Amino acid sequence: RGLRFRGGGKLFLLCSSSVSSEAPLSRPQWEEISVMDERNTPMRTYQVCNVMEANQNNWLRTRHISREGAQRVYIEIKFTLRDCNSLPGVPGTCKETFNMYYYESNNANLWFIKESQYVKIDTIAADESFTQVDVGDRVMKLNTEVRDISNLSKKGFYLAFQDLGACIALVSVRVFYKKCPLTVLNLAQFPDTITGGDTALVEVHGQCVNASEEFEAPKMYCSADGGWLVPIGRCVCKPGFEENKDFCQPCRPGTYKASATDAYCTKCPPHSSSPQEQSIECTCEKGFYRAEADPRSMACTRPPSSPENPISTVNETCVTLDWSPPRDMGGRGDITYSIHCTKCSGDARKCTPCGSSVHFVPRQYGLSSATVLVTDLQPDSNYSFTIESQNGVSDLSPTLRGTVVINITTTQTVSVVLKERRSKDSVTLAWQGPERPNGAIVEYEVIYYEKNQREQNYTVLKTRSNMMTVEGLKPGTTYVFRVRARTDGGYGSYGGEIELETSHEGKKMNKSFVHTSRSLDKFTCISVYRILLFVLRHCGYIKAKQDPDEEKMQFQHVKLPGSRTYIHPHTYEDPNQAVRDFAKEIDASNIRIERVIGAGEFGNETAVDHNNNTKRRSIYVAIKSLKAGYSDKQRRDFLSEASIMGQFDHPNIIRLEGVVTRCKPVMIITEFMENGSLDTFLKKHDGQFTVIQLVGMLRGIASGMKYLSDMSYVHRDLAARNILVNSNLVCKVSDFGLSRVLEDDPEAAYTTRGGKIPIRWTAPEAIAYRKFTSASDVWSYGIVMWEVISYGERPYWEMSNQDVIKAIDEGYRLPAPMDCPVVLHQLMLDCWEKGRSDRPKFGQIVTILDKLIRNPLKCTTCSKEKISHVDPSTPEFSVNTVDEWLEAIKMGQYKENFSSAGYVSLESILYISIRYRTLVTHSSQMENSKGQHSQ
């Protein structure tokens, strides 16, 4: 009959209506008859209609049918059947059904098969039967039935049809099996695959298509209905090729792809080209180079030009060299400088390297700043300094470039002699200038200080003459004097020291000490350099290289002891840094996907088996994966949820296990909550919990929200659908995404200029003014309380959003759910106060619920006429017997247990309450100590 399609898979015909009549009995059985259908087209049928005789057993069998590797085959039969009531005079043994059998065999030439060897498939009955009038009117009432055979293992099988006394015509038999069709997904080809038996999934490993290689072993599962499920892994195009739908095509000339992990070919960077296809990198133009450590996406660069504006400042036997960066940096930022020093003779014809006696501060080679101090030069000598600029490709260039030369001459010292001491408070000095100064003398500099004082407390005087009178000195005090000359080339060295003592009253003193000392020359150069660096740093001209660890500390948010402040990811200039600070990266190879458990805005939510260390056992976790085709903003928003979650550590907040960001798909991994969302869980277990158990759930949610409130985090979407429940019925707050799907129902959210708001859970000020605070979260918590006590009922039922907004504004509040204790409903009403400051804090809510749990006698159903408001600190007794109390807290099934244990009065129940309160207090203390330890 050709090919048919169903459920995404192909149905392949193994045989048509080629059947043979087999007559183990002597009387006439099935007959092959050709008839005309309603279009007057000849149609062959096999018919039997021996309804007038009892004990019919008529058989019709097919030839051997090869199963071709299929474990499950389907049989589609088309037939007509006559209504027994339309046959006059037939006995009561007339049937309106027939049986279908099969016999599995490796022998394709069996002539006879015993009736007992057949396996029954089913008894076939007609949906519609016909009468003799119908046939006369040529109205064909054709019935179609499909049955299947599973777990076939032999080469083929025979089909057989048994008639036990019906009037039937077998029009066609079509035998087929299903297979998952050949497909290409994620650059992996999956072949035609026959489905498995029953409902088992067949695991199929894909083969990478042309010019691609495995990134992660690709595989899919072929389902029983012929559809592909759960794609895992993928292939990537090799370097030089890019993905184009389901195959890899070579990169065009002018483009390249260096790594298999890159998605597409990229245009060649500046100063490079790729003249051929399949290029894995672009070749640099002449004169341009690419360093070995440079990424292939970086433009080709060249060595820098020469440094500019060289300046030398000579200070005695020291010289400070300064210059400006090259005008042409070569397209790079890794510029460094090296200094080459030579000492030349007087006629400048013979120059030799300076040698190790000359020192460079901070160093001679690999300078990052455009300044250097050279010390320990010889006085009255000529030096030549070559400043070379370099970058990462200078060593690749065959030509030298980027140098500038500075020639300097060191100066001689000044000879100082005492000329005259005029009085008790002044001294006159005279000196002789250098014999061979480095240029014309501009001025002399005289410094002096008291001998018994530190050298830093000195006074500086300047003059153009070689003579100076220093006045204002203290009588009878010894001073130290030093003199140096300055030329256009800079300052020379100090001419030694001279110590002079001023005279006392009425006394004259004419004693001088003249000696030359060069022991301080080096100290002077270093001191000047340090002073110079201090001034430059103060003015902002020198930037010190920062220690890598120090740099991290500047940009990392460090929580000090006791600090509990939430840090918004958007405060980071680089969102990826926020993820690195607060979330742990997990190797994707340690994750094994087990099943899909849901879907969200960003992609699938999946239960996975995660093992972060092969020496440790696997644990079940849940992941959110970022669906394909995401934008940069979607990726930032997706990872922002991990940055938020990673800051929280509380037993009632969903725990972040880590993230996967270094490969695709991007995933957020959290702890696995076996019972799913709270609203679905409550609907599934409607009425199965006691009030105390429900209050315990609410207490956990409030504790988690108190933790978030203390950290100054506002949830904005607190609802039962965003609370997860684990196997121990512990409730944990979840869903910290910045952009989330509120509900499938479009009426659930009211859109404003700021985005969507879940109207039924949101405080009035947040709806009207988008003012979200912890107080608005308290309003939402009141709605969650109502959801929990009502076992997941929809707040405000079928009211529209506009009706809800109007009703709340007019003072309407949700009534108490069925069997809700008045004290709980009053707490809900407190949470729904119109004024934000009138609502309780989450800390107060936790305290109230703790007191309710510790005093279970209070948690009873009371009418509003009896109690308008219940103070949690005051016990309320609204029951008279133990049986009434057990019924009130939905534990009536334990009446006999309490009675047999001797608890027959409310006074005896109070003893249980005291013991239970002690147990709860102990548990609370353990929880608090655990929280402090985690913090």
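When we follow my numbering, the leftmost residue of the sequence shown carries the number 992, and every step to the right adds one. A virtual CB, placed ideally from N, CA and C, is assigned to each residue, including glycine. From a predicted model like this one, the values you see are computed outputs, not experimental measurements.
- [ ] Classify Thr-1671 as helix, strand or coil using the three-state DSSP reduction.
- [x] Here Thr-1671 sits in helix by DSSP.
Task: 3-residue-minimum beta strand (DSSP E) runs that sit fully inside the segment 1189-1255, ordered along the chain - done: Those beta strand (DSSP E) runs which fall completely within the segment 1189-1255 and span 3+ residues are 1193-1196, 1203-1213, 1219-1228, 1232-1235, 1238-1241.
- [ ] Name, in chain order, the residues that DSSP records as bridge partners for Lys-1697.
- [x] Note: Lys-1697 sits in no beta bridge, so no partner.
Open item on the list: Just to confirm, is the Cβ distance from Phe-1238 to Val-1200 under 7 Å?
Closed with: In this structure, Val-1200 lies closer than 7 Å to Phe-1238 by Cβ.
TODO: Would you mind sorting Val-1724 into buried or exposed? The rule is 16 or more other CB atoms within 10 Å of its CB.
DONE: In this structure Val-1724 is buried. Its beta-carbon is surrounded by 16 or more other beta-carbon atoms within 10 angstroms.
TODO: Report yes if the C-beta distance between Glu-1283 and Gly-1483 is below 7 Å; otherwise report no.
DONE: No, they are not a contact pair.
TODO: Go through its chain and collect everything with a Cβ distance to Met-1776's Cβ below 8 Å, but skip five positions before and after it.
DONE: Same-chain partners within the cutoff: Leu-1689, Leu-1815, Leu-1818, Met-1819, Cys-1822.
Task: Cβ distance (whole Å) where Ala-1117 is taken to contact Thr-1084 below 8 Å - done: Actually they do not touch by this definition, with Cβ atoms about 18 Å apart.
Task: Expected contact under 8 Å - CB spacing of Ser-1265 and Thr-1246 to nearest Å - done: That belief holds up - the Cβ atoms of Ser-1265 and Thr-1246 are roughly 7 Å apart, short of 8 Å.
Open item on the list: If contact is defined by three or more beta carbon pairs under 8 Å, each pair taking one atom from either stretch, is the segment 1173-1188 in contact with the segment 1203-1215?
Closed with: Short answer: they touch.
- [ ] Mark His-1641 as exposed unless 16 or more other C-beta atoms lie within 10 angstroms of its C-beta, in which case mark it buried.
- [x] Buried: at least 16 other Cβ atoms inside 10 Å.
Task: beta strand (DSSP E) segment containing Glu-1106, residue limits - done: For Glu-1106, no beta strand (DSSP E) encloses it, and the DSSP letter there is neither H nor E.
- [ ] Please classify Val-1471: does DSSP put it in a helix, a strand, or coil?
- [x] In this structure, Val-1471 counts as strand in the three-state DSSP scheme.
- [ ] Can you tell me which of the three DSSP states Ser-1725 falls into?
- [x] In the structure shown, the three-state DSSP call for Ser-1725 is coil.
Task: With 16 other Cβ atoms within 10 Å as the buried cut-off, status of Gln-1884 - done: So Gln-1884 counts as exposed.
TODO: Give a yes or no on whether the C-beta atoms belonging to Ile-1644 and Gly-1678 are separated by under 7 Å.
DONE: No, the Cβ-Cβ distance between Ile-1644 and Gly-1678 is not below 7 Å.
TODO: Following the continuous beta strand (DSSP E) through Val-1384, name the residue where it begins and the one where it ends.
DONE: Here Val-1384 belongs to no beta strand (DSSP E), and DSSP marks it neither H nor E.
Task: Under the three-state DSSP convention, the category Glu-1541 falls into - done: Low local confidence applies: a pLDDT of 30 at Glu-1541 is under 50, so the model's placement there is unreliable, with the coordinate-based value given in what follows. Look at Glu-1541 here: in three-state DSSP terms it is helix.
Open item on the list: Just to confirm my understanding: we take Val-1349, look at its own chain, exclude 5 residues before and 5 after, and list those with CB closer than 8 Å. What are they?
Closed with: Answer for Val-1349: Cys-1332, Val-1365, Thr-1366, Asp-1367, Leu-1368, listed in chain order.
TODO: Give every residue of the same chain whose Cβ lies closer than 7 Å to the Cβ of Glu-1207, excluding the five residues on either side of it in the sequence, and list them in chain order.
DONE: Hits under 7 Å: Gly-1224, Arg-1225.
- [ ] Report back the beta-carbon spacing between Val-1451 and Ile-1438 to the nearest angstrom; my notes put them in contact at under 8 Å.
- [x] Ile-1438 and Val-1451 do touch by the CB rule: their CB atoms are close to 5 Å apart, below 8 Å.
Open item on the list: Quick check on Pro-1182: buried or exposed, where buried means 16 or more other Cβ atoms within 10 Å of its Cβ?
Closed with: The residue is exposed, with fewer than 16 neighbouring Cβ atoms inside 10 Å.
Task: Close Cβ partners of Phe-1573 (< 7 Å) along its chain, the five nearest in sequence each way excluded - done: For Phe-1573, where only same-chain residues beyond five positions count, the Cβ hits under 7 Å are Ser-1634, Gly-1637, Gln-1638.
Open item on the list: By alpha-carbon positions, which one of Lys-1832, Met-1658, Cys-1722, Leu-1709 ends up nearest to Leu-956?
Closed with: Here the chain has residues from 992 to 1926 only, and residue 956 is not among them.
Task: Cross-strand partners of Ile-1714 (DSSP beta bridge) - done: Answer is Val-1724.
Open item on the list: Helix, strand or coil, according to DSSP, for Val-982 in the structure here?
Closed with: Outside the displayed range of the chain (992 to 1926) lies residue 982, so it cannot be described from this structure.
Task: DSSP beta-bridge partners of His-1559 - done: Within the DSSP secondary-structure output, His-1559 pairs in no beta bridge.
Open item on the list: Distance cutoff 7 Å, beta carbons only. Does Leu-1720 sit that close to anything in chain B?
Closed with: Absent from the structure is chain B; it holds one protein chain and no more.
Task: Whole-angstrom distance between Trp-1219 and Ile-1774, CA atom to CA atom - done: When rounded, the distance between both Cα atoms is 42 Å.
Open item on the list: Count Cβ pairs between the segment 1750-1760 and the segment 1785-1803 that sit closer than 8 Å; are there 3 or more?
Closed with: Contact between the segment 1750-1760 and the segment 1785-1803 is present, with at least three C-beta pairs closer than 8 Å.
Task: Closest Cα partner of Pro-1230 within the set Thr-1468, Glu-1272, Ala-1710, Lys-1236 - done: Checked all of Thr-1468, Glu-1272, Ala-1710, Lys-1236; the closest Cα to Pro-1230 is Glu-1272.
Task: Where Thr-1838 sits in the DSSP three-state scheme - done: Three-state result, Thr-1838: helix.
- [ ] Report the three-state DSSP secondary structure of Phe-1833 (helix, strand or coil).
- [x] Annotated three-state conformation of Phe-1833 is helix, per DSSP.
Task: Reference Asn-1041, options Thr-1032, Phe-1279, Gly-1620, Phe-1089, closest by Cα - done: Taking the Cα of Asn-1041 as reference, the smallest distance to any Cα among Thr-1032, Phe-1279, Gly-1620, Phe-1089 is reached at Phe-1089.
Task: Helix, strand or coil at Lys-1624 according to DSSP, with G and I counted as helix - done: Reduced to three states, the DSSP call for Lys-1624 is helix.
Open item on the list: I'd like to know whether the C-beta atoms of Met-1658 and Ile-1614 end up nearer to each other than 7 Å.
Closed with: Yes, the Cβ-Cβ distance between Met-1658 and Ile-1614 is below 7 Å.
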